[in-house]
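Novice: Please read through the structure below; I'll follow up with questions.
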Amino acid sequence: MTFETLVWLIPLAPLVAFGLIVLFTHPRRGLSHWTALVGAGVSFLASMILFVRAITTEGLAENPMQVALNWLPTGNTWLKIGALIDPVSAVTLFFVAWTVLMIFIYSVGYHNFGQPVGDHDQPGLPPHGATLREKKGGSRRVPSVEPMYSRFFALISLFAFAMFFLVISDNLLSLYIGWEIMGFCSYMLIGFWYGKKSARDAAVKAFLTTRVGDVFMLLGIVGLYSATGTLNYRAALGDPAVLERLATTDSGVLGLSLAGLLGILLFIGTIGKSAQFPLHIWLPDAMEGPTPVSAMIHAATMVSAGVYLSIRIFPLVSAGWDGGTLTQAMQVMAFIGAFTALFSATIALVQPDIKRVLAYSTISQLGYMIAALGVGAYVAATFHLVTHAFFKALLFLGSGSVIHGMEHGVLHSREEIDPQNMFHMGGLRKKMPFTFWTFLIGGFALSGFPLVTAGFWSKDEILSGAFGGGNLAVFITLALAALLTAFYTMRQITLTFLGEPRSKAAEHAHESRPVMIVPLIVLAFFAVTAGWAGIPQKFPLLGGIIPNWFDEFVGSTLRGEALHTAESYLPLITSLVVSLGGLYLGWRVYRGVQKGHPDPLEKPLGFLYRVFYYKYGIDELYQAVLVKPAVWLAEVFTYRILDRLILDGIVDGIGKGAVWLGMVVRNYFDKPVVNGGGDGLSRGVRRSSEVLRLLQNGRVQYYMVLTLTMVVLAGALITVLFIQSGRLP
Amino acid sequence: MMEFLTAHLLTLILFLPTVAALVLLFLPSTAVRALRWTALVTSLIPLGLSLLLWQRFNPGGELFQFVERAAWYPAIHSDYHLGVDGIALTMVILTTLLTPLAILASFNVQQGVKAYMILFLLLETGMLGVFMSLDLLLFFVFWEVGLVPMYFLIHQWGGEKRHYASLKFILFTMGGSLGLLLATQMIGVVTGTYDLPRLLQIWPGLTTPENNLFGLPLATVKTIAFWAFVIAFAVKVPVWPFHTWLPDAHTEAPTAGSMILAGVLLKLGAFGFIRLVLPLFPVESQLYAGWLAALACLAIILGGLGAFGQDDFKRLVAYSSINHMGFVVLGIATAALAGASLDGTIALNGAVLQMFNHGLYSAGMFFLVGVIYDRAHTRDLNAFGGLYALLPVYGSILIFVSMASLGLPGLNGFVSEFMVVRGAWPVFTLATALSMIGLFFTGAYTLKALWKVLHGPLNQNWKGHISEINGRELVVIAPLMVLMLVIGFWPAWIVDVINRAVGLWF
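Residue numbers (my numbering), protein chains in the order written: chain X, 616 to 1344; chain U, 2 to 507.
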């Protein structure tokens, strides 16, 4: 098939699936998930074909595969949108296609396809389980199928469409289109169980927090479009002459160059979408959505899209950078990224909810990538984006499997416990061996367990990039964050899988169905092997055995940039120490936790524990300084004071003035004249009293008089004008 | 037959609704079904003819096409002169599309069906006349014709506070009309013609008036005429701070009245700016463009905030119009300052498209509010909650239309907002940046409505007391949804027509 067909097929297949499910197949669950799976499958195949073509094309960076269409007429020219497969989009397409397909398959099991309909399930609430009567008499509780099963597959299909569309886009406008549609889908999916207050609130919070970033990003897009006349990556961001001009033009804002200003505006979009500080608050709450959604949004697709944007705009952000001092925009990125990495790692340390730990860990890892971009380690950031997508999708789906197992246990034991709280788990390795082993692989990859996991290679490259570029503060912050990452990951694994069960539910948990386990195994495979594509040439012993394909391939997108790899062994030693040290400490501290014990960190950390636990109070702070004033501004200031009191007051005042004028005219002109007449006397009195009574009825009637006055005045004016011009016959 | 059709296409479209209104006059007022169906079917004919108009219109051809001209009021040189350019054509399509939909939406009106339908059809003629007129006096006449039926529609078929709302509506618009009349007469007297194409040539560069007006200097006359026009149109758009009639009128009007009010009547003001103010007063427009942009920015921000502060679903949607029309004004202000540059062109394209788009989704939103009001008999957002579980189809449609109005890319609202923002950014950088606050609140109030109506725990009061959207209502909303999707996905077909017209104007 031609490139054009294949590349359009990738986003369109899930879009068609969405349309079919919404319009036709939604009453039938099986048909709906098959429609979605076929859509995702077609995208997957087309993506793989294009990926293979991409990696076998010589000089893909210089001559990428592309196609463009006229989309919007602008004066004498057209704004074109099209598709582009260059090295960055090829590798992104690879991991997106894999993770999306796995998540689709997993969802079939997660939403209990084939199980009976629940006893009291209703749309908008998670399934509560069904009672099965057994032949011998007696009954048992089993999980029930999701009441809105088809809707889920429709929405994730639309989500997949948006993500694929974003990845294959050749310009910032269609990227933005995909970006926003994804945001909408995430809103719908986080609020999938909209009957729950918490889910509803989380959905709105996610949409509005990211929208803060999006409106800045929109300004960045129109600014870039105005400045360069195009939004195409290659024309606007790949042309050294254009970048040179942008880098040397003063924007007039805070001493930034135009490139810097536009770069930062666009980067604020990333801050929102990739949940970076200070717009990170939506992501942990987004855990209200079903787990496959968490995996989609927090690993494979949406949050990755934010980093993907930053990778795309890297030429703009780094315009004028010669490998020495970072540009202002890069400094902003480095600071935000490194700070977020450490900041959210500290929160992850103390969360009891298995998914929330992962959520904060995601924020932290995305911070890594942003920091890497900030210090100029372009390839390392992309590399970590790919490896992280695999192992974090794996961890989320693994945690979903754990929760599923726990929910099963809860149905059985009828305990009133939160099936997501890790302190109620323990010992699950025996009950859920596949989940345990795959989760262990994912967790070790996240911790950067040396040599065998993908996370080690990508994280090491980032540390090495930060160190090599001489950005010691970033290096130390990231190293510290890596230590915490290993620690809280091992805490999670220990609490969940090791030791003895700490609840009846955990005792009765059992392994998930194969339809959920197979995706875990596939993702675990990539969580290990994806790292082998980017083993640095200079790595002791292993370097050079497998060529550093990733570096060559992705690095070629960016011509002539200095890529730092440290000559020193210090970063390598650091990453070994922090990962192994963190894992060991995590195991030491948490291996002995018994039922009912508090978190062992609670005492030693003291006040800090509470700070971490309550997420630094940022939600409360925003509520007090932003949300409440905004509501006041809307309800009280704009509506009641400005519109109702002042503007309507003026209008009503004019109305009253006109009424007064009318009264004067009536009392001192009409009445004497009308009253002067014989027959007219009584009629006049009656009429005027009628009118006066009407006037006292309410201010509404007052306007009538004004209207009449105006008509009279207008008529007079016209007459005068015509007489003046001598045109009246 | 075909020849006659082609030669008088505009007249046919314009007066068929009036003829239909006359036909209705002779039907007995008790024959409710016949009245409804006659109104609907006859309103579909102008729609069909406008589609023919669209198909025969040559975007690359002359500025005004399908021109018709006949002597009307020779004593003062005013002619019956019609014609459409790409901009007016778009508005004509919008009007002839929304009218049958509004009539179909009114099938549940029980009181005074005959008068109601007649008023609607007369309203259509009034609105179409404004878009088609190429004569200033004719423009004014149709402007007024469109005003009166709406007053009665609000006054007779409106909600509880309909008296206050209808009078406020007529007062504000009459105040504006006064300005329009004044400016029209001044121009007519000074130049001795009302012919728009001729005025476009002579008025901007006029130095020696044809007739003297009270001995006023020409510059003064021009300034007065300019401001008179601006105020007339600003009230109609409405530009902040002339907007307070809008929430009352929209909220109290019957559902179909709100659809037309928001869908078409607001566009008359913006159309006046584009058709008369910008081309006739290029110098003055340029001079005061900054102020207009500032007011647009205020409308965007305060309209968004105002909508966010509402607890009445319909009022919220009404305020959203102020917010959305602000982008139209921002686009017009940009074109006023930047003229024929690329920025000005894109901004004006965006403004016209935003007019069309707002016509689609605001009519859709008002209709959907009407659908739920018919069932629940309340518009209080706090009285709903969790209705998505009971009304999955209605809920999904509401989300769809809300997202179009929110400016979700992939649906129509985004395209026009993007174009306006793109055009305005290099010209009014600060105003554009500040209007992003309004764009943020667009998201906030839209989600607030969905949050209160559809999401959250189900309000058990409604269980068994509220029914799903019915077939007739689906027929009303479906064409709007299709257009929202098509324009969002592939805007070129309509923007191309607008773009060429804009290119010819400036």
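For every residue, glycine included, the Cβ atom is placed at its ideal position computed from N, Cα and C.
These numbers were taken from a predicted model, which means no experiment stands behind them.
1. Within 8 Å (strictly less), CB to CB, does residue 468(U) reach chain X?
2. Report the option in 1066(X), 1197(X), 870(X), 1124(X) whose CA atom is closest to the CA atom of residue 1157(X).
3. Classify residue 133(U) as helix, strand or coil using the three-state DSSP reduction.
4. In the DSSP assignment, what are the bridge partners of residue 72(U)?
5. Within the same chain, show all residues whose beta-carbon is closer than 8 Å to that of residue 756(X), passing over the 5 residues directly before and after it, in chain order.
6. Which partner residues does residue 754(X) have in the DSSP bridge list?
7. Taking 8 Å as the limit between beta carbons, can you name the residues of its chain near residue 926(X), skipping five residues before and five after?
8. Taking CB distances under 8 Å as the criterion, tell me whether residue 225(U) reaches chain C.
9. Considering only their Cβ atoms, is the gap separating residue 906(X) from residue 605(X) smaller than 8 Å?
10. Are any of the Cβ atoms in chain X nearer than 8 Å to that of residue 500(U)?
11. For residue 244(U) versus residue 262(U), is the C-beta spacing smaller than 8 Å?
12. Show which residues of chain U have a CB atom less than 8 Å away from the CB atom of residue 796(X).
13. Leaving out five residues on either side along the sequence, give the residues of the same chain with a beta carbon under 7 Å from the beta carbon of residue 51(U).
14. Taking only runs of the alpha helix (DSSP H) that begin and end inside the segment 985-1032 of chain X, which ones reach a length of at least 4 residues, in chain order?
15. From residue 1176(X) to residue 942(X), what distance separates their C-alpha atoms?
16. Show which residues of chain X have a CB atom less than 8 Å away from the CB atom of residue 347(U).
17. Taking the C-alpha atoms as reference points, what is the distance between residue 391(U) and residue 467(U)?
18. If you reduce the DSSP assignment to three classes, tell me which class residue 681(X) lands in.
19. Would you call residue 645(X) buried or exposed, if buried means 16 or more other Cβ atoms sit within 10 Å of its Cβ?
20. Does the Cβ of residue 1188(X) have 16 or more other Cβ atoms within 10 Å, making it buried, or fewer, making it exposed?
21. Answer yes if the segment 765-783 of chain X comes into contact with the segment 620-638 of chain X, meaning at least three C-beta pairs across the two stretches below 8 Å, and no otherwise.
22. DSSP has residue 85(U) in a bridge; who is on the other side?
23. Going straight from the alpha carbon of residue 400(U) to that of residue 1133(X), what length do you get?
24. Does residue 1258(X) come out as helix, strand or coil in the three-state DSSP assignment?
25. Within 8 Å of any Cβ in chain U, is that where the Cβ of residue 1249(X) sits?
26. Does residue 975(X) pass the burial test, meaning 16 or more other C-beta atoms within 10 Å, or should it be called exposed?
27. From what residue to what residue does the beta strand (DSSP E) around residue 700(X) run?
28. Got a sec: which bits of the segment 796-827 of chain X sit with their beta carbon under 7 Å from any beta carbon on chain U, in order along the chain?
29. Check whether the segment 1140-1154 of chain X and the segment 685-693 of chain X touch, using three or more Cβ-Cβ pairs below 8 Å as the test.
30. Any residues in the segment 727-740 of chain X with a beta carbon nearer than 9 Å to a beta carbon of chain U? Which ones, in chain order?
31. At a cut-off of 7 Å, would you count residue 351(U) as near the ligand MG, judging by its Cβ distance to the nearest heavy atom?
32. So, is the C-beta of residue 977(X) closer than 8 Å to a C-beta in chain U?
33. Using a Cβ cut-off of 8 Å (strictly closer), state whether residue 1172(X) contacts chain U.
34. Considering only the alpha carbon of each residue, which of 877(X), 966(X), 1171(X), 883(X) lies closest to residue 900(X)?
35. By the three-class DSSP mapping on this structure, what secondary structure does residue 1311(X) have?
36. With a threshold of 8 Å between beta carbons, is residue 1262(X) in contact with chain U?
Specialist: With the structure as the only source:
1. With its beta carbon at least 8 Å from every one in chain X, residue 468(U) lies outside the interface.
2. For residue 1157(X), the nearest C-alpha among the options comes from 1066(X).
3. Residue state, collapsed to three classes: helix.
4. Bridge partners of residue 72(U): 80(U).
5. Beyond the five residues adjoining it in sequence on each side, residue 756(X) comes within less than 8 Å, by CB distance, of 744, 745, 746, 747, 1026, 1027, 1029 in the same chain, given in chain order.
6. In the DSSP output, where bridge partners are listed per residue, residue 754(X) has 748(X).
7. The residues are 703, 988, 993, 996, 997, 1000.
8. Protein chains X and U are contained in the structure displayed, whereas chain C is not.
9. Because chain X here runs from 616 to 1344, residue 605(X) falls outside it and cannot be looked at.
10. Interface residue, yes.
11. Contact: no.
12. Correct list: 409, 410, 411.
13. Around residue 51(U): 14, 93, 94, 97.
14. If we require 4 residues or more, the alpha helix (DSSP H) runs fully inside the segment 985-1032 of chain X come out as 993-1028.
15. Its pLDDT being 48, under 50, residue 1176(X) is placed unreliably by the model, and the measurement read from it follows with that caveat. Each residue's Cα considered, the two are about 14 Å apart.
16. Those are 689, 690, listed as they occur along chain X.
17. Answer to the nearest angstrom: the Cα atoms are 8 Å apart.
18. Note: residue 681(X) maps to strand in three-state DSSP.
19. Exposed, because fewer than 16 other Cβ atoms sit within 10 Å of the Cβ of residue 645(X).
20. Exposed is the call here.
21. Contact between the segment 620-638 of chain X and the segment 765-783 of chain X is present: 3 or more CB-CB pairs across the two stretches fall below 8 Å.
22. In the DSSP assignment, the residues bridged to residue 85(U) are 66(U).
23. Approximately 36 Å between the Cα atoms of the pair.
24. Residue 1258(X): helix per DSSP, three-state reduction.
25. Any Cβ of chain U closer than 8 Å to the Cβ of residue 1249(X) would place that residue at the interface, and such an atom is present.
26. In this structure residue 975(X) is buried. Its beta-carbon is surrounded by 16 or more other beta-carbon atoms within 10 angstroms.
27. Where residue 700(X) is concerned, the enclosing beta strand (DSSP E) starts and stops at 692-700.
28. Listed in sequence order: 796, 799, 806, 809, 810, 812, 815, 819, 822, 823, 826, 827.
29. Judged by Cβ distances under 8 Å, the segment 1140-1154 of chain X makes no contact with the segment 685-693 of chain X, as fewer than three pairs qualify.
30. Along the segment 727-740 of chain X, the positions whose C-beta sits under 9 Å from a C-beta of chain U are 737, 738, 739, 740, read in chain order.
31. This structure does not include the ligand MG; it has no bound ligands of any sort.
32. So, not an interface residue.
33. It does not: the Cβ of residue 1172(X) has no partner Cβ on chain U nearer than 8 Å.
34. Taking only the C-alpha atoms, the option nearest residue 900(X) is 966(X).
35. Residue placement at residue 1311(X) is poorly supported in this model, since its pLDDT is 49, which falls under 50; the coordinates are not used for a value here.
36. Residue contact check for residue 1262(X) against chain U: a CB pair falls below 8 Å.
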